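Here is the structure we will look at, set down as structure tokens.
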Amino acid sequence: MAYDRSRALFDRASAVQPGGNTRHMIVFGPPMLYASHGEGCRVTDVDGNVYIDWVNNFSTLIHGYGHRPTIEAVKAQAERMLCCILPAEPEVELAERICARWPGADQVRFMNSGTEAVMVAIKGARALTGRSKVAKSEGGYHGQYDLVEASFLPTAETWGPADRPAAPPFGRGTPQSLLDEAVIFPFNDTAATLAILEDQADHLAAVVIDPIPARLGFSRADPAYLAAIREFCTRRGVVLIFDEVFCGRAGYHGAQGRLGVTPDMTALGKIIGGGLPIGAVAGTRAAMAVFDNLAGPLKISHSGTFTGNPMTMAAGCAALDALTPEAFAQLERQGDALRAGLAAHFEALGLAMRANGLASMTSLQFFREPARNYREFHVRSGSDSLTRMKQLHGLMLEAGVLMATRGLMVGSTAMTDADIAETVDRAGQALARFAEAERIAA
Ligand SMILES: Cc1ncc(COP(=O)(O)O)c(C=O)c1O
Numbered sequence: 362m363a364y365d366r367s368r369a370l371f372d373r374a375s376a377v378q379p380g381g382n383t384r385h386m387i388v389f390g391p392p393m394l395y396a397s398h399g400e401g402c403r404v405t406d407v408d409g410n411v412y413i414d415w416v417n418n419f420s421t422l423i424h425g426y427g428h429r430p431t432i433e434a435v436k437a438q439a440e441r442m443l444c445c446i447l448p449a450e451p452e453v454e455l456a457e458r459i460c461a462r463w464p465g466a467d468q469v470r471f472m473n474s475g476t477e478a479v480m481v482a483i484k485g486a487r488a489l490t491g492r493s494k495v496a497k498s499e500g501g502y503h504g505q506y507d508l509v510e511a512s513f514l515p516t517a518e519t520w521g522p523a524d525r526p527a528a529p530p531f532g533r534g535t536p537q538s539l540l541d542e543a544v545i546f547p548f549n550d551t552a553a554t555l556a557i558l559e560d561q562a563d564h565l566a567a568v569v570i571d572p573i574p575a576r577l578g579f580s581r582a583d584p585a586y587l588a589a590i591r592e593f594c595t596r597r598g599v600v601l602i603f604d605e606v607f608c609g610r611a612g613y614h615g616a617q618g619r620l621g622v623t624p625d626m627t628a629l630g631k632i633i634g635g636g637l638p639i640g641a642v643a644g645t646r647a648a649m650a651v652f653d654n655l656a657g658p659l660k661i662s663h664s665g666t667f668t669g670n671p672m673t674m675a676a677g678c679a680a681l682d683a684l685t686p687e688a689f690a691q692l693e694r695q696g697d698a699l700r701a702g703l704a705a706h707f708e709a710l711g712l713a714m715r716a717n718g719l720a721s722m723t724s725l726q727f728f729r730e731p732a733r734n735y736r737e738f739h740v741r742s743g744s745d746s747l748t749r750m751k752q753l754h755g756l757m758l759e760a761g762v763l764m765a766t767r768g769l770m771v772g773s774t775a776m777t778d779a780d781i782a783e784t785v786d787r788a789g790q791a792l793a794r795f796a797e798a799e800r801i802a803a
């Protein structure tokens, strides 16, 4: 594969963008590959190399590229207007669609990213309760809001006792006063989590949890664990926030529908915007009342220049309309087929690896037994996992498969069964080269 044009673009980018990029999480190489265009489940780079896209802009493009209904909706809306200070009908239509699907959604407010959704949900919870602390699970990713970056990617040097995890900063210079507002609990450990939450109950505004975290390779929270947190939050008047920005694609009724536990607020993003920037906070009527300016003096204000912009709203409606129960069944069946195909390669090649996940979300892991929490995931992955994943990622690219740099693969409805079979076949070539390289290095 030639990468000349990508190399040239990366050189130009390096002069005007630090590191030659504007999103650290997507960085691999150099060279970075620059996209030219996409069609269906395939993306073509500026040098003409074609990849089956298993990232879909970090899960956003659940219908792949060139989804006609979404494109037509965006075109029609662009002709009407790009944005306006007055609200427009698509905003109401998207809110109605979200309320019809997520069990915990009676009402919705929109914003422009998942980061903003988590931030607004937390601010809402603080205003509702008059308390300031926020509990989150160890290692959890909830976007770039610095409070919830506490304990993102901790290591054995920083994570503290297993049953009382520390709240190390992610970014240098994070104020200690902010970290003091973060309460960290161990994912899937009911006794330790409840002990920590009970301890802090009088100070807690919210518990934020991603029920199927991508960062844990889609290890899901036990429904009984979530139910215990739900019971605690109800009893102590703490707002339970599910972060479904990623795992909202777990099914027609979201992750909460699948796992059977309903939060007070849900942070949404990605797929609900049809490929345009989006975030949303959906919640029960009681929780969302905190944003209701008609109910009395406001305890919290929420706006934003591009909030509820009709382009995104129109794209989101078209994308959700095509996400029928049948579409979810297809995504689930193809996800299962991908995981089975990858597992067969691991077995045949003697690789101690696992294809974890559910529905359209798959994670390639360097261990065989499923990890239930952040520490198991981190320790089992091994200290060389970043280097190994970088190598595997490169080999997959050479085999024509684009996956996320940390080994995530998310499907789209644009994929046919033949595309799944082709992916498994191409991944097999990459994995064979990977196994061979590891044998030589050993
Ligand atoms: C679970 C989760 N929460 C929040 C976010 C942040 O969303 P955004 O990147 O749209 O700000 C992400 C993004 O990947 C996510 O996966």
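If you want the numbering used here, it's the 1-based position in the sequence shown plus 361.
Ideal placement from N, C-alpha and C gives every residue a C-beta, glycine not left out.
Computed from a predicted structure; not experimentally measured.
Between ligand 1 and histidine 503, a heavy atom-to-CB distance of less than 6 Å is present.
With a threshold of 16 other beta carbon atoms within 10 Å, threonine 748 falls short and is exposed. Your pair alanine 466 and glycine 612 does not check out as a contact, with CB atoms roughly 14 Å apart and the cut at 8 Å. Alanine 585 has its alpha-carbon roughly 42 Å from the corresponding atom of isoleucine 432. Nearest neighbour of valine 651 by Cα position, chosen from Ile387, Ala488, Asn382, turns out to be Ala488. DSSP, reduced to helix, strand and coil, places alanine 496 within a strand of the structure shown.
When DSSP reads this structure, glutamine 726 sits in a beta bridge with Arg715. Cβ neighbours of leucine 753 within its own chain (closer than 6 Å, five residues either side excluded): Phe795. With distances taken between CA atoms, leucine 447 lies nearest to Asn670 out of Asn670, Phe728, Ala698.
Rounded to the nearest whole angstrom, the C-alpha separation of glutamine 561 and glycine 635 is 39 Å. Annotated as distal: serine 724 and isoleucine 423, with beta-carbon spacing of 7 Å or more. Residues of the same chain with a CB within less than 6 Å of the CB of serine 742, apart from the 5 flanking positions on each side, are Phe727 in chain order. Shown here, methionine 472 sits in a strand according to DSSP, grouped into three states. The alpha helix (DSSP H) runs lying completely inside the segment 643 to 691 and spanning 4 residues or more are 646 to 649, 671 to 683, given in chain order. Contact between the segment 447 to 466 and the segment 666 to 686 is established, with three or more Cβ pairs separated by less than 8 Å. The residue among Arg525, Arg373, Gly615 with its C-alpha nearest the C-alpha of threonine 685 is Gly615. It is roughly 22 Å from the alpha-carbon of glutamate 693 to the alpha-carbon of glycine 427. Glycine 640 carries a strand assignment under DSSP once its states are collapsed to helix, strand and coil. In the three-state scheme derived from DSSP, where H, G and I count as helix and E and B as strand, valine 453 is classed as helix. A distance criterion of 6 Å places the beta-carbon of serine 474 in contact range of ligand 1, judged by its closest non-hydrogen atom.
Between ligand 1 and aspartate 507, a heavy atom-to-CB distance of less than 6 Å is absent.
Secondary structure of threonine 405 (DSSP, three-state): strand.
Apart from sequence neighbours up to five positions away, the residues of its chain that approach aspartate 507 with a beta-carbon distance below 7 Å are Gly532, Thr535, Leu539, ordered along the chain. About 5 Å separates the beta carbon of glycine 381 from that of phenylalanine 371, a gap short enough to meet the 8 Å contact definition. Shortest gap from the CB of phenylalanine 419 to any heavy atom of ligand 1: under 6 Å.
Here serine 367 is actually not in contact with tyrosine 412; their C-beta atoms are around 12 Å apart, not less than 8 Å.
Ranked by how close their Cα comes to the Cα of alanine 775, the residues Ile387, Met386, Glu400 have Glu400 in first place. Counting the other Cβ atoms within 10 Å of the Cβ of proline 530 gives 16 or more, which makes it buried. Taking non-hydrogen atoms of ligand 1 into account, the C-beta of glycine 598 is found less than 6 Å away from none of them. Residue environment analysis places histidine 385 among the exposed positions, since fewer than 16 neighbouring C-beta atoms fall within 10 angstroms of its C-beta. In the three-state reduction of the DSSP assignment, serine 397 falls in the strand class, which pools E and B. Look at valine 495: its beta carbon is at least 6 Å from all of the heavy atoms in ligand 1.
Counted as a single uninterrupted DSSP element, the beta strand (DSSP E) harbouring alanine 566 occupies residues 565 to 570. For phenylalanine 607, the CB falls within less than 6 Å of some heavy atom of ligand 1. Using a cutoff of 6 Å, the CB of aspartate 625 does not count as near ligand 1, since none of the ligand's heavy atoms is closer than that. Within a 10 Å sphere around the beta-carbon of leucine 655 sit fewer than 16 other beta-carbons, which makes this residue exposed.
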